[in-house]
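S.K.:
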Amino acid sequence: MKKNICITLGDPNGLGPELVCRLLAGRKPDRAFLMIGPANSLEYHLERLGLDLFYEEINDPKQIVGAKAGYYLYCPEKLKNFKLNIGVAEPEGGRGAGEALETAVQLLNDKIVFGLVTCPLNKAMLQLAGFDFPGHTEFLAERSGVGRDNVCMHLGGPKLKVSLVSTHPKFRDIPALVTKERILRCLDLTDQLVKSLGLEQPIAVCGLNPHAGESGRIGHEEIDIIEPAIKEANAKGLNVEGPFPGDTIFYFAAQGAYSAVLAMYHDQGLAPLKLLHFSEAVNITLGLPFPRTSPDHGTGYDITGTGKASLDSFKAALETAEKMVDA
Numbered sequence: 505m506k507k508n509i510c511i512t513l514g515d516p517n518g519l520g521p522e523l524v525c526r527l528l529a530g531r532k533p534d535r536a537f538l539m540i541g542p543a544n545s546l547e548y549h550l551e552r553l554g555l556d557l558f559y560e561e562i563n564d565p566k567q568i569v570g571a572k573a574g575y576y577l578y579c580p581e582k583l584k585n586f587k588l589n590i591g592v593a594e595p596e597g598g599r600g601a602g603e604a605l606e607t608a609v610q611l612l613n614d615k616i617v618f619g620l621v622t623c624p625l626n627k628a629m630l631q632l633a634g635f636d637f638p639g640h641t642e643f644l645a646e647r648s649g650v651g652r653d654n655v656c657m658h659l660g661g662p663k664l665k666v667s668l669v670s671t672h673p674k675f676r677d678i679p680a681l682v683t684k685e686r687i688l689r690c691l692d693l694t695d696q697l698v699k700s701l702g703l704e705q706p707i708a709v710c711g712l713n714p715h716a717g718e719s720g721r722i723g724h725e726e727i728d729i730i731e732p733a734i735k736e737a738n739a740k741g742l743n744v745e746g747p748f749p750g751d752t753i754f755y756f757a758a759q760g761a762y763s764a765v766l767a768m769y770h771d772q773g774l775a776p777l778k779l780l781h782f783s784e785a786v787n788i789t790l791g792l793p794f795p796r797t798s799p800d801h802g803t804g805y806d807i808t809g810t811g812k813a814s815l816d817s818f819k820a821a822l823e824t825a826e827k828m829v830d831a
């Protein structure tokens, strides 16, 4: 029997429950999938879309152990009376996402489930609901006991795969987060990922400053931090090159010259990635003790309930999680 996978519904007022209904209602499962979130969020979209009930609701998440292939829903006690407000950003939606995540991480830590697919949440609403985390990546790192400094945010599409040294800090805080230790950790995790995917090209490393610092004329982080990290990674046997200017390296990576790119900060890496793969990229958190994937888009409040949202990224996230769990 294949290992089971957990799916958190994310912000119940956003796209997550709709995507789950549209994709899974017509998809034959090869294992047990445990969805976590308020039942009324799925019921709303099933009725609106005219779809039949495709899951079984369970009262105890431990019932997923040994369950036959199928889709199951567990609604945490704190979400039993969740007030649905489709398409609206509000703290109640952040509470729904946070409570589902808390439940999922506990099940993962207890080896009740073995992989996680997270539907989109709104970071601001998550924080307003009392969950003091910038997003999924940091939440999962802390709650799993790994710690924020030991994971790496990675997003990948068919042509371009990008890892990030820093995730969601204020822009002015980024330089202090670009350390040799952090770069080496992300390179090691990215190397493990690309090898598992059978990719053999080098990993490219971006500079922090424009033009990768121009030999120190625009900044010294490349000379003082990034280049030493690359040399140490090479000495450990990792196939790594750089640092390269962030305004050119992504073109060559998308042409197939590199298996992945390590960017120093969020927008440096994700602007080119989303230009190429806006509706099909997958978010993977590297370094967790369990596989975790997510669609690479937000809650989409403005189109929730319309059926217009692409299923590609969520479908890719689910399929990637299946491959990672099975591996």
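Under my numbering, think of the first position of the sequence shown as 505, with each following residue one higher.
No residue lacks a Cβ here, since even glycine has one placed at the ideal position from N, Cα and C.
In this text the structure is predicted, and so the values were computed from the model without any measurement.
1) Does the count of Cβ pairs from the segment 586-598 and the segment 797-807 closer than 8 Å reach three?
2) Report all residues from its chain with a CB closer than 8 Å to the CB of PHE618; omit the five preceding and five following residues, and keep chain order.
3) Let's test the definition: count the other Cβ atoms within 10 Å of the Cβ of TYR755 and tell me whether it reaches 16, buried, or not, exposed.
4) Can you list, in chain order, the residues of its chain whose CB lies under 6 Å from that of GLY639, leaving out five sequence neighbours each side?
5) Would you kindly report the start and end of the unbroken alpha helix (DSSP H) that includes TYR548?
6) Within 10 angstroms of its Cβ, does ARG676 collect 16 or more other Cβ (buried), or is it exposed?
7) Pick helix, strand or coil for HIS781, following the three-state DSSP scheme.
8) Give the DSSP bridge partners of ILE707, in chain order.
9) Take the Cβ of SER817 as the centre, count every other Cβ of all protein chains shown within 10 Å, and call the residue buried at 16 or more, exposed below.
10) Please state the DSSP three-state secondary structure of PHE635.
11) Between TYR576 and TYR548, is the Cβ-Cβ spacing less than 8 Å?
12) Please list the segments of the alpha helix (DSSP H) lying wholly inside the segment 676-738, counting only runs of 4 or more residues, in order along the chain.
13) Helix, strand or coil for LEU790, going by three-state DSSP, please let me know.
14) According to DSSP, simplified to helix, strand and coil, what is THR824?
15) Helix, strand or coil, according to DSSP, for PHE558 in the structure here?
16) According to DSSP, what are the bridge partners of ARG796?
M.R.: Reading it off the structure:
1) Contact holds: three or more Cβ-Cβ distances are below 8 Å.
2) Here the set comprises LYS507, ASN508, ILE509, LEU612, PHE794, PRO795, VAL829.
3) Exposed, because fewer than 16 other Cβ atoms sit within 10 Å of the Cβ of TYR755.
4) Here the set comprises LYS627, HIS672.
5) Segment 543-553, the alpha helix (DSSP H) holding TYR548.
6) Result: exposed.
7) DSSP places HIS781 within a helical segment (H, G or I) once states are collapsed to three.
8) In the DSSP output, where bridge partners are listed per residue, ILE707 has VAL744, ALA764.
9) Buried: at least 16 other Cβ atoms inside 10 Å.
10) Reduced to three states, the DSSP call for PHE635 is coil.
11) No; because the gap between Cβ atoms is not below 8 Å, this pair is not in contact.
12) Fully enclosed alpha helix (DSSP H) runs of 4 or longer: 678-681, 684-700.
13) Correct three-state label for LEU790: strand.
14) Three-state result, THR824: helix.
15) Shown here, PHE558 sits in coil according to DSSP, grouped into three states, outside any helix or strand.
16) As computed with DSSP, ARG796 is found in a beta bridge with LEU620.
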